[in-house]
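Protein sequences, first through last, are from chains G and B.
In terms of numbering that gives the first Met the number 0, the first sequence opens at residue 0 and continues consecutively.
In terms of numbering that gives the first Met the number 0, the second sequence opens at residue 0 and continues consecutively.
Ideal Cβ placement from N, Cα and C applies to all residues, glycine included.
Note that the structure is predicted; figures quoted are calculated from it, not measured.
Below is one structure; the comments refer to it alone.
There are 2 protein chains.
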Amino acid sequence: MADSPTELRAAFRSGVSGPTSGLAPGYAQANLLVVSTDWAYDVLLFAQRNQAACPVLDVTDPGSPATALAPGADLRTDLPKYRVWRDGDPVGEPTDVTDLWREDLVAFLVGCSFTFDSVLTRAGVPWRYPGRNVAMYVTDRQCRPAGRVHGPLVVSMRPVPEELVDTAVRITTLMPRSHGAPVHIGPAAELGIADLTRPDFGDQAIFEPEDVPVFWACGVTLQAAVMASRPDFAITHAPGHMFITDLREQI
Amino acid sequence: MADSPTELRAAFRSGVSGPTSGLAPGYAQANLLVVSTDWAYDVLLFAQRNQAACPVLDVTDPGSPATALAPGADLRTDLPKYRVWRDGDPVGEPTDVTDLWREDLVAFLVGCSFTFDSVLTRAGVPWRYPGRNVAMYVTDRQCRPAGRVHGPLVVSMRPVPEELVDTAVRITTLMPRSHGAPVHIGPAAELGIADLTRPDFGDQAIFEPEDVPVFWACGVTLQAAVMASRPDFAITHAPGHMFITDLREQI
């Protein structure tokens, strides 16, 4: 598959599907959450109040499937897979949501840690999950609520060799639009995670000797908020199937 | 006057008034904009779309005069001076807005460049306006609009010795919640500013030989948006009379 954002979005539009981890290195990937205008203020404020988990990259105008992050893209077709929600429950995973689109829908695009994976790799931090989805966990930390929107903090976890943890912290601190610095380094129990081998989303991570678990705030926090807050209708990306933007990673 | 945020807010609450430039060094100062819930989404989205000018530090719940930025503070009394707006026109500058407060009002607190002045000073960048208000200008650049909210970018300008411009850029780049890196360095005409000696807000700046004008996005952009967008009712701080938070500057 070609690897420019435009070509990848065109492939997804034509029906190709699959996780986006490792695709289009150097370009920002984004989480998607679509809700009705009735819920938009609460979602935007929730994102503002929980910026580490939900760094907003763009918000569309009501009814518009266009985003400033990728001129020419169509948010109804250009992601590899969506998840549709009714009353907080997932009800389907289509690869196109054109028939579900409405004039009162607003799309939120939120930064994703996939964006910093290629930067970490270039800096010599080994990538422990090529071909797999990153491991994600629901923590026991509650986000600061906003109106009707509330839910727990979700984190992604990467095994990092102990001597490279400083490097990973230093680099990601400079990338606040991709969740910034880790929220926790070390024992998972301190985040209320009982068993690292059983992620709530994504695939189990592979640890090498000397690897330390490093946890970053994760955009799936928004999906957890949908589950907890139960808006009548929502569309998100399917986990790991992100929107690939034209935005150059910034560091 | 004592110089802790708590003591300063108590003084303002008791009726003391005056510009806050240079007060409580090391603590973040904030712009205030209060609108009805009807306007809150458009304002929040405008801030999100114009983050350099409007880095949101906190948004209150409807009707609440309390903010997470300063537990115990009361946003109706704890600023040294307010400006009240009706239909986009300023109609008064009280030092207390308790009698104007309503259950449907939402307060936005937005980062201010006063926060980085003390950091620049410590780094050896001379402060050219002690005892004066910083010079601010309306530019010919339009902000990205959001719903009914639109308006021009407003900038603050500081004269910086040419050999220290790099230092000023390096430091403020690390402080995105206080507007971040300059938006422009050098000739004012490139921002559509006709005459540097006549600021639109604040006081004329004093240039020393070898000083270069350096421009930062400014939170007064929100007041310019009120003027342009004409909500029926709004309250802001009076220019230069900021809310002093308990938030430590972050660099």
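If one requires a minimum length of 3 residues, no beta strand (DSSP E) run lies completely within the stretch 159-215 of chain B.
Counting C-beta atoms within 10 angstroms of its own C-beta, ASP2 (chain B) has fewer than 16 neighbours from the protein chains shown and is therefore classed as exposed. Taken through DSSP and simplified to helix, strand or coil, PRO89 (chain B) comes out as strand. Under a criterion of Cβ atoms nearer than 8 Å, the residues of chain G adjacent to VAL55 (chain B) are, in order, GLN47. Inter-residue distance for ALA9 (chain B) and VAL105 (chain B) is about 22 Å (C-alpha atoms, whole angstroms). Of all residues in the stretch 15-49 of chain G, only ALA39, TYR40, LEU43, LEU44 and GLN47 come within less than 7 Å of chain B when Cβ atoms are compared, listed by chain position. Restricting attention to beta strand (DSSP E) runs no shorter than 3 residues, the stretch 9-73 of chain G encloses them at 26-35 and 55-58, ordered along the chain.
For VAL58 (chain B), the residues of chain G that pass the 7 Å Cβ criterion are LEU44 and GLN47, in the order they occur in the chain.
Within its own chain, the residues whose Cβ lies closer than 7 Å to the Cβ of THR76 (chain B), once the five positions on either side in sequence are excluded, are ARG12, ASP95 and THR97, listed in chain order.
When the beta-carbon positions are compared, ASP103 (chain B) and PRO64 (chain B) stay at least 8 Å from each other.
Sixteen is the threshold: when 16 or more other Cβ atoms of the shown chains lie within 10 Å of the Cβ of TRP38 (chain G), as they do, the residue is buried. Residue pairing of TYR81 (chain G) in beta bridges, as defined by DSSP: G:HIS236. Residue environment: THR244 (chain B) is assigned as buried (16 or more neighbouring CB atoms within 10 Å of its CB, all protein chains considered). In this model, LEU190 (chain B) and THR138 (chain B) are separated by some 5 Å (Cα to Cα). The C-beta of VAL33 (chain G) has 16 or more other C-beta atoms within 10 Å across all chains shown, which makes the residue buried. Out of G:PHE242, G:HIS240, G:PHE232 and G:VAL58, the CA that lies nearest to the CA of TRP84 (chain G) is found in G:PHE232. Partner residues in a beta bridge of TYR128 (chain B), as assigned by DSSP, do not exist. As the crow flies, the alpha-carbon of GLN47 (chain B) is around 19 Å from that of ALA27 (chain B).
Within the model, the alpha-carbon separation for CYS53 (chain G) versus CYS217 (chain G) is close to 7 Å. ILE170 (chain B) and HIS240 (chain B) have their C-alpha atoms some 24 Å from each other. DSSP places MET241 (chain G) in no alpha helix (DSSP H); its state is neither H nor E.
By DSSP's assignment, GLN141 (chain B) forms a beta bridge with B:PRO151.
Between the stretch 85-93 of chain G and the stretch 112-126 of chain G, the count of C-beta pairs closer than 8 Å stays below three; the two stretches do not touch. In the structure shown, ALA227 (chain B) falls within a helical segment according to DSSP collapsed to helix, strand and coil. Less than 8 Å separates the beta-carbon of LEU56 (chain B) from that of VAL109 (chain B).
Nearest C-alpha to ARG197 (chain B) among B:TYR136, B:PHE113, B:GLN50 and B:ARG82: B:TYR136. Spanning the alpha carbons of ASP41 (chain G) and VAL58 (chain B) requires a straight line of approximately 11 Å. With fewer than 16 neighbouring CB atoms inside 10 Å of its own CB, PHE206 (chain G) falls in the exposed class. VAL159 (chain B) sits close to VAL213 (chain B), with the two beta carbons spaced by under 8 Å. The three-state secondary structure of VAL133 (chain B), taken from DSSP, is coil.
For VAL118 (chain G), the uninterrupted alpha helix (DSSP H) segment begins and ends at 113-121. By alpha-carbon distance to PHE113 (chain B), the top candidate from B:TRP100, B:LEU43 and B:ARG127 is B:ARG127.
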